[in-house]
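Following the UniProt record's numbering, the numbering of the sequence shown begins with 1 at its first residue and continues without gaps.
Okay, so here's the structure we're looking at.
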Amino acid sequence: MPRRQFLADLEKAKASGNAPVGIHGIKQGDDDGELEFTFSPVGQTGTPTTITAFIPQLDSYPKNHEYMIYAKDDSHDDIGGVLQNLRGTQSKTVGQLIEMVGRALHKWSVEPDRDVDMLGGSESESSSEDEEEANDNDALFEHESDRTDRETNHPTIHARIRSDLRAVRDAGYKVGALGDILHNVKAFVAVSIRVARLGLTEEVLRAWQMDPQRYLILMLLYPEGYKNMDDLLRLGPLYVDMRVFVSKRYRPKTWAHAMRAYGQAQNGASQEAQPEPGDDDLAEMFFSRSLNNLLKDLFLIMVRLRKKELSWRGAEACFQDYQLEAGADITNAHLSRYLAMKDEKPTIVRGDDTEDLSISFPLTAMRFVVRRFVRCTAYCSVCHRRINPDHESIKPYVCDQAICLYQYVALDLGSNIEHEIMTQPNVVDLLISVCYASAKGFTLQLFPDQMGILVPSVTGTENMYEITLDMPQERFTFVKTGARQWPIKEGSWVNIFQSVYDVHCRIIDTSSYPTIIFDTPTLEKHVKMTYFKRAAAKLAPYEVDFDQMNQTDKCKSISSLLRTLPSITAMQEYLRTNAPGGMLKRWTTRISPSVLTVLRWILATNRACIMEIGTAATGQQQEQIAGMVGWKQFRIAMGAPDKEHRFAQEVNRTAQRLSLRYPTMFAFHGSPLFNWHMILRQGLNYLRISHGRTYGNGVYHARDAATSLTYCHGRTDITWPSSELQVQAALALNELVNAPNEFERNEPYYVVQHLDWIQVRYLFVRCGSDALRMPDNFQPNPVSYPQDPSHTPIGLNGSISIPSITITSSCSHSSKERISRWLNLKQIITRSRSLSASSDTTLPEDVALLKPDPDSLPPSQPQPHPNSKTDFIPGTLDLSTLPILPLPTYASPQTTKQLMRQIQILNKLQSESPSLGDLGWYMDTTNLNNVYQWIVELHSFHLLDPNLALVKDMSSAGIRSIVLELRFNKDYPWSPPYIRVIRPRLLPLAQGGGGHVVIGGALCMELLTNSGWSSAMSMESVLMQVRMAIASHPPARLDYRVAGSDYGVKEAAEGYLRSCETHGWAVPQGFREMALRMG
């Protein structure tokens, strides 16, 4: 829920203890969506300034919202100017916004030409660099104050940049740069490593859907030029934007590819909604968003702690302890217990504990990313704290805090349900089925609490209304209106029931109350509705807080909601035909928000990796096991990512100790269907007694599948109605350390007391649908895994035959070779060496950049658009230099939605256009701070007419675009936008100019007045017509007499009014307030 997310982010910002320099007193404002904080310049006396930020449309937080930011009336005018010129705040979280404002105000406060008396201080009171540095962090995270001043000699700076990048290369990573990184302008650095070199097992790679041949890439965007380690420790995280991607290449091919990837990530596009990454594409992976947040929020804090000679592990432990002990003062004595904390991982991961933190910021950041990536399941994906080690998971998850689970599900930090439905439909069906069975069996132990779920009453007494139902007409009438106000509005959901049917439906019209019209209902009981034209019924609105229910009612509610969920095939069909690349939340007529949240919770909280094994048609028949004909098969992995390695170590030790020829054995484990929901989340354990413990404590197994099947009995009415699998029972086939004499018991069952001696390999599911079962004529894989003849498991259709390709430990009959193969990590490291030998070739420009001799590298230039038809370079316009109008105070939800829609259309046109030159205009939507004010560049006029005088003027002046400002008032789209030229200045018509540009920079076009405007006009069409007008005869010409001077706000507005008066055009209502009074 947006409001809850806003409040959670606000609380996180208040409690973080790491506010930007000069920012304090963060609190919630008086209105919804409002926050306040105070700014005090470092080292200055005087009255602090209160800053207010307001989100007009809180329901769009945290993805498509915008902020209105202002200071109180008694603040200095310059502070208002800083806030007015702030760019890129759209879609930022509360914490990100506060950092942006703090950075801008701090930079303003330390400008050498700033009037230091403006806040009541004096020049003698201005803070020195050391004082500023000392106030940059609290006592715990202070860094050394004896750092050297930043070099100003260009050769020295160039040498430092090259040295930093060579350190990355020498550490075993690939490194590249985009943009003019040597000349203190916006630039990218890419640091990458092949996934195969990270020491991850095949089970983990499969669970994380990672291709070992792809690169894990850390992109570092320096918006104001490259900053070294000391710079960033002093300035803070806003001077580098770090994000994690995967790609087939070691870095983006062009600047445009890098910017597009950043735009996609910033706009919140999930990786599953994007196409598969190609050779030139960066793609977000399953864990990118969490890593990006970690880098932004905690990385520099970790580095400061590491400079106290702590390892990453020690720094993390120290920081976590400090957070838990408010006000703790960390001294060297306190640090001593963290100094010995080290890690044991492959060299590429372990090398971070011996690095010199002063040599290279990109290297230090990449080592941190690699470390957290391979250990991602040990930390909460939201708050980044260590998770209870008893709760093992093969996929990243969250800690026990309810707010973390809420954010994990609500913000799609876990599984993307649309992607899972399209790629693994039967796995999704299985997960829903076992959850439904658990709810029906009242065995659910964990619930989707604190997620804002509203449900209908399940008690049958409270929150009920008597109605007369007309099902064929899809309407009902209240029998008793009473004094109580009708609690349901259009768009809400209700549950209608009587003795013969039970339906859930969405309200679409309440204007004829007490008669209400609803949408096509979702049935729990299927009957012919035409039999009952009018009938008495009861109605329960979705208004009961799920969190306040008892455990029994929660189980009833979840099972009731899941009965309303359409089949997986129906959801696939909707995603394919109605919302390609979209979301199920748009299917508002069929899926309620409540059941959608439950579905997200089911998939996000699944900690096991489940992969369906198909038939010959899917090319996976060779992975199927013989002996279980008629049962659908899934490969499964559970436990932490190192669970496989721990299992291999136990097998290795036991095999050597007992001189085993067959180090492992296989056995079945059966449990009722309603237990599998929790098993997939907590793994196999014996914490809870389901069938007694007559034969001791441990996980019970049987050699014969028929024996385990007797423990799968249960209720027969717990099958999810919409399931296409019609799941009836589930059996697991586990691989065990082959030491039955050391089990708790080995007769009549294998009772295994050591959890690291168990590894789940297969899950067999008995389906009610014959079409989904394994065919009876199934032919097993001829190459089977060698098993101990005395302990070969027996399936329901004969002995179990396991294909060798499905067991990572499969090898020859030699015991010595077999044991060595258990160390899967060694296989991966060996494979990574061969992969690195054939790695992506380093590009020539990166080779030149890494050379120690500065003269060997020709000065690099910003890269133009890949299409050679235009010389325009997007993203090079410095928005902070533009004299633009202040933020509006008249924003309305209706207008905001209209403008957002137009922005999305333009952004899509830009991203899909093969050439920006064909469009002729460009808008940097990633830095759009205010939807009521756009900055647009018109360019590539030579493609309209290469002989145009304006083309020659711009070429000789070295100008590649004409910069426009578009301003929208509160009545858009019923009134036109106000468009003016900001730069360059153009000749007026009387002096040889033209292009419909009047004195002052306004455009003389009837289209842009109330006389010629049409509300049906798209902004794409407007921009095209403005560009054509500027190039029309006589075209616009540059005014060389005032080169470098921009048009002012007031002169442009006056020119517009004169033009309207001359031609008799109607001026839009509110224009003077928008363009003059606010200017």
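Using N, Cα and C, we set each Cβ at its ideal position, and we do this for glycine too.
Near residue i, what residues of its chain come up, given a Cβ to Cβ distance below 8 Å and the 5 sequence neighbours on each side ignored?
i, result
"residue 575", "418, 421, 422, 582, 584"
"residue 1028", "944"
"residue 1082", "An answer regarding residue 1082 cannot be provided, because it is not within the stretch 1 to 1079 covered by the chain."
Looking at the structure shown, is residue i part of a helix, part of a strand, or coil, going by DSSP?
i, result
"residue 344", "Reliability of the predicted coordinates at residue 344 is poor, the pLDDT of 46 falling under 50, and the value obtained from them is presented with this limitation in mind. Of the three classes helix, strand and coil, the one that applies to residue 344 here is coil, per DSSP."
"residue 102", "helix"
"residue 379", "strand"
"residue 549", "coil"
"residue 297", "helix"
"residue 1083", "This structure does not reach residue 1083, given that the chain is present from 1 up to 1079, and the question cannot be answered."
"residue 242", "strand"
"residue 697", "coil"
"residue 927", "helix"
"residue 1022", "helix"
"residue 282", "coil"
"residue 922", "strand"
"residue 851", "coil"
"residue 253", "coil"
"residue 534", "coil"
"residue 4", "helix"
"residue 518", "strand"
"residue 613", "coil"
"residue 497", "strand"
"residue 1059", "helix"
"residue 179", "coil"
"residue 237", "helix"
"residue 112", "A caution first: residue 112 carries a pLDDT of 39, below 50, which makes its placement in the model unreliable, though a value can still be read off. Reduced to three states, the DSSP call for residue 112 is coil."
Can you list, in chain order, the residues of its chain with a C-beta nearer than 6 Å to that of residue i? Leave out the 5 residues immediately preceding and following it.
i, result
"residue 1056", "1002"
"residue 27", "36"
"residue 474", "518"
"residue 1067", "1060"
"residue 682", "none"
"residue 654", "737, 739"
Mark residue i as exposed unless 16 or more other C-beta atoms lie within 10 angstroms of its C-beta, in which case mark it buried.
i, result
"residue 75", "buried"
"residue 1080", "Only positions 1 to 1079 of the chain appear in the structure, and residue 1080 is not among them; the question remains open."
"residue 226", "buried"
"residue 1075", "buried"
"residue 929", "buried"
"residue 889", "exposed"
"residue 293", "buried"
"residue 281", "buried"
"residue 986", "buried"
May I ask whether a heavy atom of the ligand NAD can be found less than 6 Å away from the beta carbon of residue i?
i, result
"residue 565", "The ligand NAD is not part of this structure, which contains no ligands at all."
Only counting the same chain, and skipping five residues up and downstream in sequence, which positions put a Cβ closer than 7 Å to that of residue i?
i, result
"residue 64", "91, 900"
"residue 82", "104, 105, 108"
Pick out the complete alpha helix (DSSP H) segments inside the region 47-99, 4 residues or longer, and give them in chain order. 77-84
At 3 residues or longer, and completely inside the region 623-681: list those beta strand (DSSP E) runs for me, N to C. 631-637, 664-670
Unbroken alpha helix (DSSP H) runs of length 4 or more, entirely within the region 199-223: which are they? 202-208
Evaluate the contact criterion for the region 551-564 versus the region 435-449: three or more CB pairs, one atom per stretch, below 8 Å. yes
Can you find at least 3 beta carbon pairs, one from the region 243-263 and one from the region 213-230, that sit closer than 8 Å? yes
With contact counted as at least three CB pairs below 8 Å, one residue from each stretch, are the region 426-437 and the region 748-761 in contact? no
Would the region 1011-1019 count as touching the region 971-980 if we require 3 or more Cβ pairs under 8 Å? yes
In chain order, what are the residue ranges of uninterrupted alpha helix (DSSP H) at least 4 long that sit wholly in the region 706-766? none
Would you call the region 894-909 in contact with the region 945-959, where contact means no fewer than 3 C-beta pairs closer than 8 Å? no
Say whether the region 645-664 touches the region 717-729, bearing in mind that this needs 3 or more beta-carbon pairs closer than 8 Å, one atom from each stretch. no
If contact is defined by three or more beta carbon pairs under 8 Å, each pair taking one atom from either stretch, is the region 1048-1066 in contact with the region 988-1005? yes
Three or more C-beta pairs closer than 8 Å, one from the region 176-190 and one from the region 202-213: is that the case here? no
Completely contained beta strand (DSSP E) runs for the region 408-483, where each covers 3 or more residues: 465-470, 475-478
Whole beta strand (DSSP E) elements within the region 938-981, 3-residue minimum: 961-967
Is it the case that the region 635-655 contacts the region 722-731, given that we only count it when at least three CB pairs across the two stretches are under 8 Å? no
Cβ contact check for the region 662-677 and the region 592-600: 3 or more pairs under 8 Å: no
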